[in-house]
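Student:
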Amino acid sequence: MTTTTSRAASPVPAAPTGTGSRVTRILGIASLIGVAVLVLYGLRISKEDAQLGETIRILYMHVPTVSAAYLAFVITAVGSVMYLWKRSEFWDLLAASSAEIGVLFFALTILNGMLWGKITWGVFWRWEPRLTTTAVLFLTYLGYLAARAVPTSTRTRGTISAVIGIMAVVNIPIVHKAVDWWRGLHQEKTIFGTVDPDMKGTQLFTAYLGLTVFMLIFAWLLIHRFRVAWLAERANDVGLDAALAERRAEGTADGSANETADGSANETADSSANGPADGSANEPANESADESAGAGLGGAR
Amino acid sequence: MIRDVALVAGKDLRLEMRSRVGIGQVVPFALLVLLLFAFALDPERGVLDRVTSGLFWVVVLFCSVLFIQRSFGVEAEDGIIDALRLTGLSAPSIYIGKVAALVVELLALEVVLAVGVAIFYGTTFGGFPLLLTAAVAATLGIAGSGSVYGALSARLRTRDTLLPLLLLPLLAPVLIAATRAFEVGMGREAGQGWSWVALLGIFALVYLSLGALLFRPLMEDA
Amino acid sequence: MESVVHLRSAVAVLGRFPALAGVDLDVDHGEILLLRGPNGAGKTTMLRLCAGLTPLSSGEAVVLGVDLARQAHAVRRRVGLLGHATYLYDDLTVTENLDFWARASGATTADGRAALDRLGVAHRLWSLPVHALSAGQRRRVSFSAMVARRPELWLLDEPHAGLDAAGRDIIDGLMREASSVGATVLFASHELDRAGDVATRAVEIVGGTITAPVPPAGAPLAASVAP
Amino acid sequence: MSDWAYILIAWIATFTATGAYALYVIRRGRKLSRIVPPEQRRWM
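Residue numbers (my numbering), protein chains in the order written: chain A, 4 to 304; chain B, 8 to 229; chain C, 9 to 235; chain D, 2 to 45.
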């Protein structure tokens, strides 16, 4: 994910007003073209399937979204492990952004599955292995986002989300196994599994086209969502500098008004109050942003 | 290490004996839920005995949430998290100690619940080796994963509502496997109960080892 | 000899509030340092930072030779912290608490019992659950739980608060004893008259920074601290 | 509702949801970058 192309030579262009950049523009355009072609193929050009009939067209939506979701949760797991190891903000924000996108795609997977079910089974919901697994895992990662939303210090939030990210990803194979054994016995018609092997020609092409397009969309979303998370942390730091300066001012202004009655303590406080405060006021307070800002994705200093 | 584990587990069990939360509140709650299910499902029409093992494990799951909340809620008060960090106890030994205490409490609850189910629902338990191993494996899995989430949510202000949301979806495979194993054990379903027990065993092993690894960052930084 | 506590422009942020905004401080072996300042000045955060419990946001912090920026947890075992919380299990009895906390820190139950006696906790209280004790008694029990661990660095947040005269004398005696045996004491207090007598040095903390580096122990202490 | 209706709903819903989320992220990015000083917004 970290594209570390060398930076354009100076003069350095004005800072972008949003989270866009050359990379995301390329990805964005490619995704839009891809979507157009996918719609063309998925709905017009490709034929209906021998077994699945028209419902194969929903498959073109379902397979990419579930694949993107699983990729997202793998990235979250990797980010979580790296965060616990390296403790750098980059991995924490990457894991969180990826999880959020993963949950979105899982929701879409469930929606597509239910629509597919409505056509094939006539009902929106069947306790069919794939749908059930997706629903359970969706809830697990909803828990991840809920835990992350609880206000707490960034360090605690990072550790807690990393632990949940790891606990949840390990659950994926176990849930798959349990649900397959449990519902797999009743072999209803189920298409989800892997891409239907005996698809040929345009159908196979459309299926893989869908996969690529959604991967592009996923990459685009992840880069943008990561940068938003990065900016949110920097916005906190901006607040922090102000609070730091204010806190020091409180120190000096307060010097004369502190509650100790004796005179001597007051004037010693006043005379030397500004000494140490000035010394350390200007050095950049948010060191933590520096040493973890190396990644190409995030803003490099 | 074993000494520390015994120390922590001993403390937890003594805390339970002193405060009587488990015996005095959680077990009666479990029996109460059995009654509620009976009221809801009208025992005459035979629905009840078909779903007994499912109800049994749903009640165990809910009670484990209560036990975990109690066990880690106590640690979150009076600055005890800080005191624990200042002792020389290693994170894994605290984790295993708390899991051990939870397993003891949960197994005790399951015994009482089984008696309750036998009386209220008139179920006859068969296939004891299968039932016992399934119950022990499931309980280890619940306590293993539950302790991680218990420690984690104890740090946050909204811990009572967050713990069930985090833990119960994770325990879905345990609920499925334990219920199926019990169904096979009670002869009400064909199929190999032992493969379900194997799944419960894998779940327990995975989350016990993962928990021991993940407890260190939770103790140190969260 | 290298100082026990060495802080250089240490910043500690709680949520988004910079509780410590650049603290410079050095504390040597055997010192009993009084930390004075108004409420919310950052005294408690400073003690928790030295205990390795509050993470260092920036700056430098070395306690007992351990760099807190990298492995804060390494210092915790050798430090004793006493704060407004009791650090005790309310439902357990006094002895059960002491036994647990002593053995958890590698001390023995005998150390725990000796500490209880040293703090003057009456034997009839020993079998009572902690929640049945008065605040002052609870304070003495949590103090003895800390003493039993024989920490090298004592971090006390208003040790005298909630104690009667006899209790305060015991606390002062313990601090002097610890200092004489080579341990170091850093305590925050508002009772300046009593604290002044036992402290070897005092510093003023206001707005998250040390503002008044009071002359070193050699200078006549009474002049700069007592009214 | 014929099969085709559900298929169209599936496609439309998927792309509108993804598009809406993309807009939400872009808008948040714009809003936040007004607060953050320029030198911290160097993207590759």
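Here a beta-carbon is modelled for each residue, glycine too, at the ideal position from N, C-alpha and C.
1. Let's see if you can read the secondary structure: which residues bound the alpha helix (DSSP H) around G37 (chain A)?
2. In chain B, which residues lie less than 7 Å from L142 (chain A) when you measure between Cβ atoms?
3. Are there 16 or more other CB atoms within 10 angstroms of the CB of Q206 (chain A), so buried, or fewer, so exposed?
4. Against chain C, with Cβ distances strictly below 8 Å, would G161 (chain A) count as a contact?
5. Whose C-beta lies closer than 8 Å to the C-beta of A275 (chain B) among residues of the same chain, with five residues either side of it excluded?
6. Looking only at C-alpha atoms, which of B:P50, B:A184, B:Q76 and B:A108 sits nearest to V124 (chain B)?
7. Is the distance from the Cβ of A185 (chain B) to the Cβ of A115 (chain B) below 8 Å?
8. Measure the CB-CB distance between A11 (chain D) and I61 (chain A) and report whether it falls below 8 Å.
9. Kindly list the residues whose CB is nearer than 7 Å to the CB of L111 (chain A), restricted to its own chain and excluding five residues on each side of it in sequence; keep chain order.
10. Mapping the DSSP letters down to three states, classify F25 (chain C) as helix, strand or coil.
11. At which residue ranges does the segment 92-169 of chain C contain complete beta strand (DSSP E) runs of 3 or more residues, listed in the order of the chain?
12. Going along chain D in order, which residues have a C-beta closer than 8 Å to the C-beta of M64 (chain A)?
13. Helix, strand or coil: which one does DSSP assign to R16 (chain C)?
14. By alpha-carbon positions, which one of B:L170, B:P136 and B:C70 ends up nearest to G194 (chain B)?
15. Report all residues from its chain with a CB closer than 6 Å to the CB of I103 (chain B); omit the five preceding and five following residues, and keep chain order.
16. Taking all protein chains shown into account, decide if A280 (chain A) is buried (16 or more other Cβ within 10 angstroms of its Cβ) or exposed.
17. Which word fits G50 (chain C), buried or exposed, when buried means at least 16 other C-beta atoms lie within 10 angstroms of its C-beta?
18. Taking 8 Å as the CB-CB cut-off, is L33 (chain D) touching chain A?
19. Let me make sure I understand the geometry here. Which of B:V118, B:A16, B:P99 and B:G53 has the alpha-carbon closest to that of I30 (chain B)?
20. Listing by chain order, which chain C residues have their CB less than 8 Å from the CB of S26 (chain B)?
21. Go ahead and label R305 (chain A) buried or exposed: buried means 16 or more other beta carbons lie within 10 angstroms of its beta carbon, across all protein chains shown.
22. Against chain B, does V6 (chain C) count as a neighbour if the rule is that its beta carbon must be under 8 Å from one of theirs?
23. Is the shortest distance between the beta-carbon of M85 (chain A) and the beta-carbons of chain B less than 8 Å?
24. Please list the terminal residues of the continuous beta strand (DSSP E) segment that includes E212 (chain C).
25. Using a Cβ-Cβ cutoff of less than 7 Å, which residues in the same chain neighbour G45 (chain C) once the five nearest sequence positions on both sides are dropped?
26. Starting from the beta carbon of L169 (chain B), find every residue of chain A whose beta carbon is closer than 9 Å, and list them in chain order.
27. Which value, in whole angstroms, describes the spacing of the CA atoms of T159 (chain A) and A98 (chain A)?
28. Does DSSP put S283 (chain A) in a helix, in a strand, or in coil?
29. From T209 (chain A) to G218 (chain B), what does the alpha carbon distance come to, in whole angstroms?
30. Hey, quick one: how far does the alpha helix (DSSP H) through R78 (chain C) stretch, first residue to last?
31. With 8 Å set as the bound, which would you pick, yes or no: does the beta-carbon of E262 (chain A) sit closer than that to a beta-carbon of chain C?
32. Once the 5 residues before and after E57 (chain A) are set aside, which same chain residues still bring their CB inside 7 Å of it?
33. With H, G and I counted as helix, E and B as strand and the rest as coil, what does DSSP make of G21 (chain A)?
34. Bridge partners for A69 (chain C) per DSSP, in chain order?
35. Any beta-carbon of chain C closer than 8 Å to the one on L90 (chain B)?
36. Taking 8 Å as the CB-CB limit, is G60 (chain C) close to chain A?
Tutor: Based on what the coordinates show:
1. Reading the first sequence from its first residue, position 34 is the one you call residue 37 (chain A). First-last of the alpha helix (DSSP H) with G37 (chain A): R25 to V42.
2. By 1-based counting over the first sequence, the position of residue 142 (chain A) is 139. Within chain B, the residues near L142 (chain A) are P176.
3. Numbered from 1 along the first sequence, position 203 holds the residue referred to as residue 206 (chain A). Flag for Q206 (chain A) reads buried.
4. Mapped onto the first sequence, residue 161 (chain A) falls at position 158. False, the Cβ-Cβ gap to chain C never drops below 8 Å.
5. A question about residue 275 (chain B) goes unanswered here, because the residues of chain B that appear run from 8 up to 229.
6. Walking along the second sequence from the start, residue 124 (chain B) turns up at place 117. Checked all of B:P50, B:A184, B:Q76 and B:A108; the closest Cα to V124 (chain B) is B:P50.
7. In the second sequence, counting from the first residue as 1, residue 185 (chain B) sits at position 178. In the second sequence, counting from the first residue as 1, residue 115 (chain B) sits at position 108. For A185 (chain B) and A115 (chain B), no; Cβs fall outside 8 Å.
8. Position 10 of the fourth sequence, counted from the first residue, corresponds to residue 11 (chain D). Position 58 of the first sequence, counted from the first residue, corresponds to residue 61 (chain A). Yes. Within cutoff.
9. Within the first sequence, residue 111 (chain A) is the residue found at index 108, counting from 1. Same-chain partners within the cutoff: T68.
10. Mapped onto the third sequence, residue 25 (chain C) falls at position 17. Correct three-state label for F25 (chain C): strand.
11. 161-165
12. Stepping through the first sequence from its first residue, residue 64 (chain A) is reached at position 61. A11, W12 and T15, listed in chain order.
13. Taking the first residue of the third sequence as 1, we reach residue 16 (chain C) at position 8. R16 (chain C) falls in the strand class under three-state DSSP.
14. Start at 1 with the first residue of the second sequence, and residue 194 (chain B) comes out as number 187. Checking every option, the nearest Cα to that of G194 (chain B) belongs to B:P136.
15. Residue numbering aside, residue 103 (chain B) sits at position 96 when the second sequence is read from its first letter. Excluding positions up to five away in sequence, the list reads V12.
16. To locate residue 280 (chain A), count along the first sequence from 1; it is residue 277. Only weak support exists for where A280 (chain A) lies, its pLDDT of 35 falling under 50; the value from the coordinates is given anyway. A280 (chain A) is buried by the Cβ-count criterion.
17. In the third sequence, the residue the question calls residue 50 (chain C) occupies position 42. Classification of G50 (chain C): buried, given that the 10 Å Cβ count is 16 or more.
18. Looking up residue 33 (chain D) in the fourth sequence gives position 32. Cβ-Cβ to chain A under 8 Å: yes for L33 (chain D).
19. By one-based count along the second sequence, residue 30 (chain B) stands at place 23. Closest option to I30 (chain B), Cα to Cα, is B:V118.
20. The residue labelled residue 26 (chain B) in the question sits at position 19 within the second sequence. Correct list: D99.
21. This structure gives no information on residue 305 (chain A), because the portion of chain A shown stretches from 4 to 304.
22. Nothing in the structure corresponds to residue 6 (chain C), since chain C is present only between 9 and 235.
23. Stepping through the first sequence from its first residue, residue 85 (chain A) is reached at position 82. No, M85 (chain A) lies away from the interface with chain B (no Cβ there is under 8 Å from its Cβ).
24. For this step, residue 212 (chain C) is matched to residue 204 along the third sequence. E212 (chain C) -> beta strand (DSSP E) spans R209 to V214.
25. As a first step, residue 45 (chain C) is located in the third sequence; it is residue number 37 there, counting from the start. So the qualifying residues of the chain are K51, E212, I213 and V214.
26. Taking the first residue of the second sequence as position 1, residue 169 (chain B) is located at position 162. Per Cβ cutoff of 9 Å: G146, A149, A150 and V153.
27. Within the first sequence, residue 159 (chain A) is the residue found at index 156, counting from 1. Within the first sequence, residue 98 (chain A) is the residue found at index 95, counting from 1. So the alpha carbons of these two residues sit roughly 15 Å apart.
28. Along the first sequence, one-based indexing puts residue 283 (chain A) at 280. Confidence in S283 (chain A) is poor, its pLDDT being 34 and thus under 50, which makes the residue's placement unreliable; the coordinate value appears in the next sentence. Residue state, collapsed to three classes: helix.
29. The residue you call residue 209 (chain A) lines up with position 206 of the first sequence. The residue you call residue 218 (chain B) lines up with position 211 of the second sequence. Each residue's Cα considered, the two are about 43 Å apart.
30. Taking the third sequence and counting its residues from 1, the one referred to as residue 78 (chain C) is at position 70. From DSSP, the alpha helix (DSSP H) with R78 (chain C) extends over L76 to Q79.
31. In the first sequence, counting from the first residue as 1, residue 262 (chain A) sits at position 259. Only weak support exists for where E262 (chain A) lies, its pLDDT of 40 falling under 50; the coordinates are left without a value.
32. Your numbering for residue 57 (chain A) matches position 54 in the first sequence. E51, listed in sequence order.
33. To locate residue 21 (chain A), count along the first sequence from 1; it is residue 18. Coil, per DSSP.
34. Walking along the third sequence from the start, residue 69 (chain C) turns up at place 61. Per DSSP, C:L15.
35. Position 83 of the second sequence, counted from the start, is the residue given in the question as residue 90 (chain B). Reading off the sequence shown, one finds Ala at residue 90 (chain B), where the question assumed Leu. Answer yes: the Cβ-Cβ gap between A90 (chain B) and chain C drops below 8 Å somewhere.
36. For the purposes of this step, residue 60 (chain C) is taken as residue 52 along the third sequence, with counting starting at 1. Not an interface residue.
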